[in-house]
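For the record, the sequence lines run as chains A and B.
Heads up, the first sequence is in my numbering, so the first residue is 549 and it goes up one at a time.
Heads up, the second sequence is in my numbering, so the first residue is 549 and it goes up one at a time.
Beneath this line is the structure, given in structure tokens, with notes to follow.
Protein chains: 2
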Amino acid sequence: MQQEVLRTLITNNDSKIIYLIMDGLGGLPHELGGKTELETANTPNMNKLAAEGILGLLDPIGYGITPGSGPAHLALFGYDPVEDNVGRGILSALGVDFPVTEKDVCARLNFCTIDTAGNVTDRRAGRIPTDLNEKLCKKLQESISLSDDIEFFMRTESEHRALLVIRGEGLGGNINDTDSQKTGVPSLIAEGKDESSKKTAKYVNEFLVKAKEVLRDDHPANFILARGFAKNEPLLTMEERFGIKCAAIAQYPMYRGLARLVGMDVLPRPETYDAMYEQLAENYDAYDFFFIHFKKTDSYGEDGNFEAKVKVIEEVDNWVKKLDQLNPEVLVITGDHSTPAVMKSHSWHPVPALLHCRNGFGRIDHTSSFGEVQCGQGGLGRMLMKNIILEALASAERIMKFGA
Amino acid sequence: MQQEVLRTLITNNDSKIIYLIMDGLGGLPHELGGKTELETANTPNMNKLAAEGILGLLDPIGYGITPGSGPAHLALFGYDPVEDNVGRGILSALGVDFPVTEKDVCARLNFCTIDTAGNVTDRRAGRIPTDLNEKLCKKLQESISLSDDIEFFMRTESEHRALLVIRGEGLGGNINDTDSQKTGVPSLIAEGKDESSKKTAKYVNEFLVKAKEVLRDDHPANFILARGFAKNEPLLTMEERFGIKCAAIAQYPMYRGLARLVGMDVLPRPETYDAMYEQLAENYDAYDFFFIHFKKTDSYGEDGNFEAKVKVIEEVDNWVKKLDQLNPEVLVITGDHSTPAVMKSHSWHPVPALLHCRNGFGRIDHTSSFGEVQCGQGGLGRMLMKNIILEALASAERIMKFGA
Chain A
549 MQQEVLRTLI TNNDSKIIYL IMDGLGGLPH ELGGKTELET ANTPNMNKLA AEGILGLLDP
609 IGYGITPGSG PAHLALFGYD PVEDNVGRGI LSALGVDFPV TEKDVCARLN FCTIDTAGNV
669 TDRRAGRIPT DLNEKLCKKL QESISLSDDI EFFMRTESEH RALLVIRGEG LGGNINDTDS
729 QKTGVPSLIA EGKDESSKKT AKYVNEFLVK AKEVLRDDHP ANFILARGFA KNEPLLTMEE
789 RFGIKCAAIA QYPMYRGLAR LVGMDVLPRP ETYDAMYEQL AENYDAYDFF FIHFKKTDSY
849 GEDGNFEAKV KVIEEVDNWV KKLDQLNPEV LVITGDHSTP AVMKSHSWHP VPALLHCRNG
909 FGRIDHTSSF GEVQCGQGGL GRMLMKNIIL EALASAERIM KFGA
Chain B
549 MQQEVLRTLI TNNDSKIIYL IMDGLGGLPH ELGGKTELET ANTPNMNKLA AEGILGLLDP
609 IGYGITPGSG PAHLALFGYD PVEDNVGRGI LSALGVDFPV TEKDVCARLN FCTIDTAGNV
669 TDRRAGRIPT DLNEKLCKKL QESISLSDDI EFFMRTESEH RALLVIRGEG LGGNINDTDS
729 QKTGVPSLIA EGKDESSKKT AKYVNEFLVK AKEVLRDDHP ANFILARGFA KNEPLLTMEE
789 RFGIKCAAIA QYPMYRGLAR LVGMDVLPRP ETYDAMYEQL AENYDAYDFF FIHFKKTDSY
849 GEDGNFEAKV KVIEEVDNWV KKLDQLNPEV LVITGDHSTP AVMKSHSWHP VPALLHCRNG
909 FGRIDHTSSF GEVQCGQGGL GRMLMKNIIL EALASAERIM KFGA
């Protein structure tokens, strides 16, 4: 449904919607015919909700497409994960909690190794340790100043990865990567594809020339490759689109940043799962919608640690029980994408999803436990992830009738 | 997802994808509450794959739309069956194995009967026998020559059906049907809708005037109706779109032609099902993707022969077992459309589909036999046919991550 039509139908009330997101929740069986992580986990509380609610499968982007965290979360929040996709540089800034302004162009950097002829010999400089990265960022920040009062900021991500932000008036972000993704050749010169981006490219090249000079005696990290130049193109906020005041409860910078991108209030970083619940309870009256993000399901999936992923799901199941005290009208439990431990990576498999309503306006199905196979038989069906917000909003009676 | 985005995500590896297509596979029960052809068939091998894999239902074009073989196969191959649809004239050419060039405009002909006033009295000339059709085609080919060195070719299809190809430089295919689909009125004059098509129309009309003269003493086939004028608009090949080298193993010209349209190598015509397997085994290392086409399920469906269609499915089930020897990473078993024996025709019903992975990266569902009812409960869900290629490519780890 066109966004313009939807917006005319949005209404407000006192209902609460909770999105409980286990990152990388979807999985695969250990062996042919076996059970997935979610199916293996002992989840009496989510199973009760499954019996009372309705299940389905969500495709983050489309059939067969494996998403990164950026587009997957945008889909969860009801945005188009391709059209509204966020540039790599912006994601790097979000990942280190850098407060991006409208004057900023962001890029993801690699420290790299070049030989005396200037050819790249290692695109990751042997994956230097993070503390060396921090020292080099500090040295570059202190040694370099750019012409015309243009500011720049460097931030360490981890190992060879860093963030570069160029700040100034009228800077565009439409610039090629200087990383050619190849070795044995020099890195590329930055070129802007429009007037304002040409301006930025000039300062990027100035920065790179000076950085090469500053790093000339360092080894193996003696130069820098840049990619994913991007400005922050502001999206309509969730409040503007859906009329809901949103709060994010998340421990990891990237997800806190993604929530900020869509206009959520991001509550102070909670140290523990208990602290996450306390934040929710304390702020319960002040917001309509809560995005609650659990990261470890994805981390253990990426590690290939099936058992640890199962354990985290069981911890979250315990956490879920406490929601009885708050009695939210609408609860969605799902993930942003699948991260099967057997693959040690994100995957294309659709994500199990549970929709539970306590206001009497939720359909049910015949399912009685939360898992991939049951979700495949669920009454929600298989749907694009960006549409689950509409089911949640409607269940909360926040979408009015279309047409007479 | 936009085709441009997908193309940037395609990658290559050693995996094999097999598409086993039973033409017109989908069916209906003999009587209310009974079993379909596929459900009636004894298919222990496909049932085993169903238990190990995942089922779903594929809509070739959209809800309620009955497809012809052309669009249905394009959908199987991942093309849009409406946008990329192939003109009727081109399908006729494929059906008789005519090698279409870029100079050709093709049309489907009917031999028809006209009265002395020139009005059409029978659009099919009493369905003349095929050997008479052949004689008439030969007579027309030998008697007529067109002005300006324009060439033409006639080929018999069957009964009253034939192919006309007009060949020359700069000929367009945007021409109305001369068949008005009515009797009691004259056939229509060909008119081109653009400059190059006006040029073609001139030769078409010249051909028709001369044909009327040549056939004046024949009866009942004393004239010709033409429809579906089309040039061959080359499609991007499957290799260009998906990075896979494709081979087709098929007995019937139309399907061999459709495979050629999307850039597959078409292996020599196999006489038997055993020969089809031998071709597959012999060429297994040389290709990434195999399209294997079994025709008889459709033919018996069109004949209304429920039992014979069941038998063919059982023969194919036997054939399927041999695939264990090749151990392909990804196997898709489905049809191009439904041809229920009780309807004696193609139908709109979505087509049962089975996806089976031997690399450990396939989801399963609770289904354990291959049939329409089970497919309706399968974990793949109900999807547009053009998307099944994406599930197959992803399962073969041939699509990279989108976004960071």
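Just so you know, even glycine gets a beta-carbon here, dropped at the ideal spot from N, CA and C.
Limits of the unbroken alpha helix (DSSP H) element including residue i
i                     : result
residue 619 (chain B) : 617 to 624
residue 665 (chain A) : Unbroken run through residue 665 (chain A): none, as it is neither H nor E.
residue 822 (chain B) : 821 to 830
is_contact[residue i, chain A] using C-beta, thresh 9 Å
i                     : result
residue 600 (chain B) : yes
residue 837 (chain B) : no
residue 938 (chain B) : yes
residue 935 (chain B) : yes
residue 950 (chain B) : yes
residue 943 (chain B) : yes
residue 688 (chain B) : no
residue 575 (chain B) : no
residue 878 (chain B) : no
residue 931 (chain B) : yes
Residue i to residue j span [Cα, whole Å]
i                     : j                     : result
residue 776 (chain B) : residue 949 (chain A) : 45 Å
residue 743 (chain A) : residue 651 (chain A) : 15 Å
residue 553 (chain A) : residue 793 (chain A) : 20 Å
residue 736 (chain B) : residue 616 (chain B) : 26 Å
residue 924 (chain A) : residue 925 (chain B) : 8 Å
residue 727 (chain B) : residue 894 (chain B) : 24 Å
residue 632 (chain B) : residue 898 (chain B) : 20 Å
residue 812 (chain B) : residue 789 (chain B) : 12 Å
residue 863 (chain A) : residue 843 (chain A) : 12 Å
residue 817 (chain A) : residue 839 (chain B) : 53 Å
residue 682 (chain B) : residue 627 (chain B) : 35 Å
residue 772 (chain A) : residue 748 (chain A) : 17 Å
residue 680 (chain A) : residue 740 (chain A) : 31 Å
residue 645 (chain B) : residue 668 (chain B) : 30 Å
residue 672 (chain A) : residue 647 (chain A) : 26 Å
residue 566 (chain A) : residue 837 (chain A) : 6 Å
residue 579 (chain B) : residue 857 (chain B) : 16 Å
residue 701 (chain B) : residue 873 (chain B) : 46 Å
residue 559 (chain A) : residue 787 (chain A) : 11 Å
CB contact below 9 Å: residue i versus chain B
i                     : result
residue 800 (chain A) : no
residue 620 (chain A) : yes
residue 609 (chain A) : yes
residue 633 (chain A) : yes
residue 709 (chain A) : no
residue 613 (chain A) : yes
residue 729 (chain A) : no
residue 671 (chain A) : no
residue 644 (chain A) : no
residue 773 (chain A) : no
Interface partners of residue i on chain C, CB under 8 Å
i                     : result
residue 767 (chain A) : Checking the listed chains, one finds no chain C in this structure; the protein chains it contains are A and B.
Candidates the options: closest to residue i by CA position
i                     : options                       : result
residue 901 (chain A) : A:908, A:911 and A:918        : A:918
residue 833 (chain A) : A:564, A:560 and A:558        : A:564
residue 609 (chain B) : B:590, B:659 and B:630        : B:630
residue 624 (chain A) : A:806, A:913, A:874 and A:945 : A:806
residue 877 (chain A) : A:851, A:908, A:644 and A:841 : A:908
residue 622 (chain B) : B:782, B:942 and B:683        : B:782
residue 779 (chain B) : B:739, B:638 and B:904        : B:638
residue 830 (chain B) : B:800, B:852, B:871 and B:841 : B:871
residue 734 (chain B) : B:684, B:891, B:583 and B:664 : B:664
residue 848 (chain A) : A:691, A:892 and A:655        : A:892
residue 854 (chain B) : B:583, B:561, B:555 and B:569 : B:583
Element boundaries [beta strand (DSSP E), containing residue i]
i                     : result
residue 705 (chain A) : 699 to 706
residue 565 (chain B) : 565 to 570
residue 774 (chain B) : 771 to 779
residue 842 (chain A) : 837 to 842
Original post:
For the stretch 857 to 871 of chain A, which residues have a beta carbon sitting closer than 8 Å to at least one beta carbon of chain B?
Top reply: none
Subject >> the stretch 579 to 591 of chain A: positions lying closer than 7 Å to chain B by Cβ >> reply: 580 and 581
Original post:
Residues in the stretch 907 to 922 of chain B with C-beta within 7 Å of chain A's C-beta atoms, listed in sequence order?
Top reply: 908, 909, 911, 912, 913 and 914
**OP:** For the stretch 886 to 900 of chain A, enumerate the residues whose C-beta is nearer than 7 Å to any C-beta of chain B, in chain order.
**Re:** 890, 891, 894, 896 and 897
Subject >> Interface positions of the stretch 780 to 811 of chain B facing chain A (Cβ-Cβ less than 8 Å), listed along the chain >> reply: none
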